[in-house]
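A short worksheet on the structure shown next.
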Amino acid sequence: MVEEGGNEVPINTRSAEEWLSHARVLVPLALNKAREVKGFPGRWKTIISKLEQIPSRLSDLSSHPCFSKNALCKEQLQSVSKTVKEVIELAEFCVGEKHEGKLRMQSNLDALSGKLDLNLRDCGLLIKTGVLGEATLPLAMTGSSNGPEAASNGNIRELLARLQIGHLDAKHSALDSLVEVMKEDEKNVLSVMSRSNIAALVQLLTATSPRIREKTVTVICSLAESGSCENWLVSEGVLPPLIRLVESGSAVGKEKATISLQRLSMSAEAARAIVGHGGVRPLVEICQTGDSVSQAASASTLKNISAVPEVRQALAEEGIVKVMINVLDCGILLGAKEYAAECLQNLTASNDNLRRSVISEGGIRSLLAYLAGSLPQESAVGALRSLVGSVSMEVLVSLGFLPCIVHVLKTGSLGAQQAAASAICKVCSSTEMKKLIGEAGCLPLLVKMLEAKSNSAREVAAQAVSSLMTLSHNCKEVKTDDKSVPNLVQLLDPSPQNTAKKNAVFCLGLLCSSKKCKKLMVSYGAIGYLKKLTEMDIAGAKKLLERLERGKLRSFFTRK
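Heads up, the sequence shown is in full-length UniProt numbering, so the first residue is 1 and it goes up one at a time.
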């Protein structure tokens, strides 16, 4: 470029002020040239109207406090000057009628109009969004007391700002740099991330270039996993393009998009939106065809969505029941199987139609096989508990329900054990089933559960024991268990937090026919507890207290 006056100034050494002066000289020249053109009047009228807006934008930039210190401002003035110079050159072609072909010239004019639009938009962004003030400043400007961290943050702000301005190639270059920076300094990137930066990234997700989309979704995946930008991502419209990537992106794009949806779907609002934007079907397909990571992320996303009751029917219509059972049977990673079990637990929590669907697709068999082959997970036992009340005792026994429950009570987490005890309560409707459960060895394990720290676990264990003890054979087994009386007496605690006291009273009442058990009850302080429970009008407490006190009185006179 040549400055007015004919003195050539090297482009790389020009200051922001020199570029501003250069642009201000070029704009009136371009306007004069454009007004001389006779052909294509509509297009040139549009170009002229855009040129006329440039001086006010230049004034806005030059009046900003960071004008002369900001690299982005200088680059923007360079871009404006280049575009205005192209206007002059194209106008000269049109005036001299040197152009070849009407359609080609129309295309060139439209492209030039688009560049002017971009320049005007970017100048506005630099001012309105605060990008100009946030972008890189010399260390002296950021405050030397903050040291390298302030300079680093400034560099990151400039990098993020570059995602919002300039042409696509420039944004692509900035994206490459951002991916590398996030690998080394994700914490600082997150600390300076703004909503406008998120919006720019979401726009890049819809770029025509597959490479740009892939790199963008890699950054968005990191942002989603960080847990600090979910609301911004969703509100800026990230869900639809992520779903499209799950449908038709590259292998990396699909994986990163699915992981992003996994994190975002933890919000019920986002989960509903994923369903509304048609996200269920591609996620279901990933569960069937994806690699190990994508399958697990997709199963987890569907599990999160299934936690929202009003969308469960929509999930069922996309065939989720059969797919989750298949993942439970053949999932590549154990994590995928766990998510599938949780999804089935959610689906069967309160919907009879979905329960029947899971049963008809062989869900009970799959859940039992999964529980038998791994460390029992609470979700799988919970799903099983939802289903066992809908099938016959014969079917459950034939599928191996009892050995599986014993396995869970022996090796499962407390939550899994609690779910197993609850399942026992649901199937204790017949004498035959109570007998089979007792013979399977469940009673000692349930008695041991009475020692659990969790109030709810103790309650459901006491409920299961009381149901089983109505069968005399099971009652005898509990009598011979050294832990039964002390554990049950502890559950007579009258505190409101103890919700197992009613069942404990019932069980001790059944054991009271044994003199040995009576003595143990007295020695462990049952009488004191029962007096308080009698005052609270707990069913059976008064009668049990009288029986223990009569026995104590007779024992006193016998000793005399």
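Ideal placement from N, C-alpha and C gives every residue a C-beta, glycine not left out.
Our two residues, L520 and T301, have alpha carbons roughly 53 Å apart in a direct line. For I332 and K426, the gap between their C-alpha atoms comes out near 33 Å. For C73, the closest C-alpha among the options L58, E86, K82 is that of L58.
Taking 4 residues as the minimum length, the alpha helix (DSSP H) runs contained wholly in the segment 489–546 are 501–511, 515–523, 526–535, in order along the chain. Looking at E318, S306, G237, the one whose alpha-carbon comes closest to that of N351 is S306.
Scanning its chain for C-beta atoms nearer than 6 Å, with the 5 sequence neighbours on each side dropped, one finds around K215 the residues L175, V179, in chain order.
Where S63 is concerned, there is no enclosing alpha helix (DSSP H), because DSSP gives it neither an H nor an E. K501 is positioned such that its CB atom lies no closer than 7 Å to that of L508.
About 5 Å separates the beta carbon of H172 from that of I212, a gap short enough to meet the 8 Å contact definition.
Closest by C-alpha distance to V321, out of A421, G363, Y339, is G363. Secondary structure at K33: helix, using DSSP grouped into helix, strand and coil. By the Cβ test, the segment 372–380 is in contact with the segment 339–359, since at least three Cβ pairs between them sit closer than 8 Å. Taking the Cβ atoms as the reference, L511 lies roughly 14 Å from L530, outside the contact range of under 8 Å. Within the same chain, Cβ atoms closer than 8 Å to the Cβ of S386 are found at Q345, T348, A349, R355, the five residues on either side in sequence being excluded. Assigned with DSSP and collapsed to three states, D185 falls in helix. Per DSSP, D482 is not a residue of any alpha helix (DSSP H), being assigned neither H nor E. For V311, the closest C-alpha among the options A296, G290, E269, V327 is that of E269. Around the beta-carbon of H473, fewer than 16 other beta-carbon atoms lie within 10 Å, marking it exposed. C-alpha of L367 to C-alpha of L242: approximately 32 Å in a straight line.
The beta carbons of M182 and C229 sit about 13 Å from each other, so the pair does not count as a contact at 8 Å. Out of V308, Q288, T218, the CA that lies nearest to the CA of A273 is found in V308.
Note on P41: under 16 other CB atoms within 10 angstroms of its CB, so exposed under the neighbour-count rule. Taking a C-beta distance under 7 Å as the contact criterion, L399 and R365 qualify as a contact pair.
Exposed is the label assigned to C330, since fewer than 16 other Cβ atoms lie within 10 Å of its Cβ. In this structure, L544 sits near V505, with a CB-CB distance shorter than 7 Å. By the 16-neighbour rule on beta-carbons within 10 angstroms, D169 is exposed.
In the three-state DSSP reduction, A207 falls in the coil class, being neither helix nor strand. For V460, the CB contacts under 6 Å within the same chain, skipping 5 residues up- and downstream, are Q418, A421, S422 in chain order.
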